[in-house]
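Counted the way mature numbering (1 follows the signal peptide of the UniProt record, and there is no 0) counts, the sequence shown spans residues -19 to -1, 1 to 264.
A quick write-up on the structure given underneath.
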Amino acid sequence: MKKVFAALALAAVALLGHAAPNPDPDTLKVALLPDENASTVIKNNRPLEIHLEKELGKKIELIVTTDYSSMIEAMRHGRLDLAYFGPLSYVLAKQKSDIEAFAAIKQKGDTTYQSVLVVNTGAGIGNIADIANKNVAYGDKASTSSHLIPKSILAQGGLKAGENYREHFVGAHDAVAIAVQNGHAQAGGLSKPIFESLVQRGIIDGNKVKVLAESKPFPQYPWTMRSNLKPELKEKIRAVFTGISDPAVLKPFKADGFGPIADKDYDVVRDLGTLLKLDLSRF
């Protein structure tokens, strides 16, 4: 009998350890992409934190994980309530988590964006073929615009990683541009809006790094939330995000607003993974 009670006690502890996340938490944990230095991301998004606390009536905790993979895992284990993913990292997170995309940033009224393939101007690269046998910098393996899209551009040009060029993952978008500027890599891929911002801010010298190719439009970075949040809270979150117009809140996203988005909009990203014959489950 004692063994039975002991077994029941252990089962109870196990159930408590795997209890479902609170559907209506007092504090919402909101994750932002680690595209730049974590402290910079947190500082730049202070207006978002203030706005969400005011409109949702809840405490907001901004979180920046070390990389995309740890952000995906945090969402999978219910340690995040809302998360701002890249298109590919969202697709990967969706495979492992019960989450839903509800809004994407709008730029010039559109919820799509482009990736760019940039090169060092002193590397003698005038076309895709010239990148053969060169070093190519990518951001995070789970990044759409600093890995998946530029890799597809090179593949369509007949160049495969490991066969025709050497790939290097340097983490963030700004690190890609800096690696190309410094000559550590002769080419690299990153988000077009981020690259343009780096040039505008003087972090990247436009005379040392140039755009070689631009991608077709892809669905913008989505805001996501746990599907098991309280329905009324989810609706309020959707309304708050699509209603944001404060320039201070939108500035870090280089956006003029947030528009509705759905999971099916990211099928094009899933198709891109298939095109490149990538096993997305391994990311």
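Every residue, glycine too, gets a C-beta built ideally from N, C-alpha and C.
Reducing DSSP to helix, strand and coil, say where residue i ends up.
i, result
"residue 240", "strand"
"residue 151", "coil"
"residue -7", "Here residue -7 scores only 34 on pLDDT, less than 50, and its place in the model should not be relied on; the value that follows carries that caveat. Helix."
"residue 232", "helix"
"residue 146", "strand"
"residue 170", "strand"
"residue -18", "Confidence at residue -18 is low in this model, with a pLDDT of 38, below 50, so the placement of that residue should be treated as unreliable; the coordinate-derived value is given next. It is helical."
"residue 92", "coil"
"residue 117", "strand"
"residue 53", "helix"
"residue 47", "coil"
To the nearest angstrom, how far is the alpha carbon of residue i from that of residue j?
i, j, result
"residue 102", "residue 78", "42 Å"
"residue 28", "residue 229", "6 Å"
"residue 8", "residue 31", "13 Å"
"residue 47", "residue 19", "8 Å"
"residue 25", "residue 233", "6 Å"
"residue 37", "residue 57", "24 Å"
"residue 250", "residue 202", "11 Å"
"residue 197", "residue 131", "11 Å"
"residue 239", "residue 150", "30 Å"
"residue 59", "residue 40", "17 Å"
"residue 81", "residue 55", "15 Å"
"residue 143", "residue 215", "44 Å"
"residue 177", "residue 185", "9 Å"
"residue 217", "residue 206", "12 Å"
"residue 62", "residue 221", "15 Å"
"residue 213", "residue 95", "34 Å"
"residue 190", "residue 120", "16 Å"
"residue 171", "residue 159", "11 Å"
"residue 88", "residue 227", "14 Å"
Enumerate in chain order the residues of its own chain whose CB-to-CB distance from residue i is below 8 Å, with the five nearest sequence positions on each side excluded.
i, result
"residue 106", "100, 112, 115, 167, 168, 193"
"residue 124", "49, 67, 69, 70, 154"
"residue 34", "40, 41"
"residue 255", "none"
"residue 74", "52, 53, 56, 57, 64, 66, 80, 205"
Among the residues of its own chain, which have a CB less than 6 Å from the CB of residue i, if the five just before and after it don't count?
i, result
"residue 22", "13, 45"
"residue 104", "167"
Report yes if the CB atom of residue i is closer than 7 Å to the CB atom of residue j, and no otherwise.
i, j, result
"residue 97", "residue 195", "yes"
"residue 84", "residue 242", "yes"
"residue 247", "residue 200", "yes"
"residue 4", "residue 210", "yes"
"residue 138", "residue 109", "yes"
Count the other CB atoms, across all protein chains shown, that sit within 10 Å of the CB of residue i; report buried if there are 16 or more and exposed otherwise.
i, result
"residue 181", "exposed"
"residue 162", "buried"
"residue 245", "exposed"
"residue 16", "buried"
Closer than 7 Å by C-beta to residue i: which residues in its own chain qualify, once you throw out the five before and the five after it? Chain order, please.
i, result
"residue 64", "12, 52, 56, 205"
"residue 134", "98, 194, 196"
"residue 43", "11, 13, 23, 26, 30"
"residue 179", "155, 158, 185"
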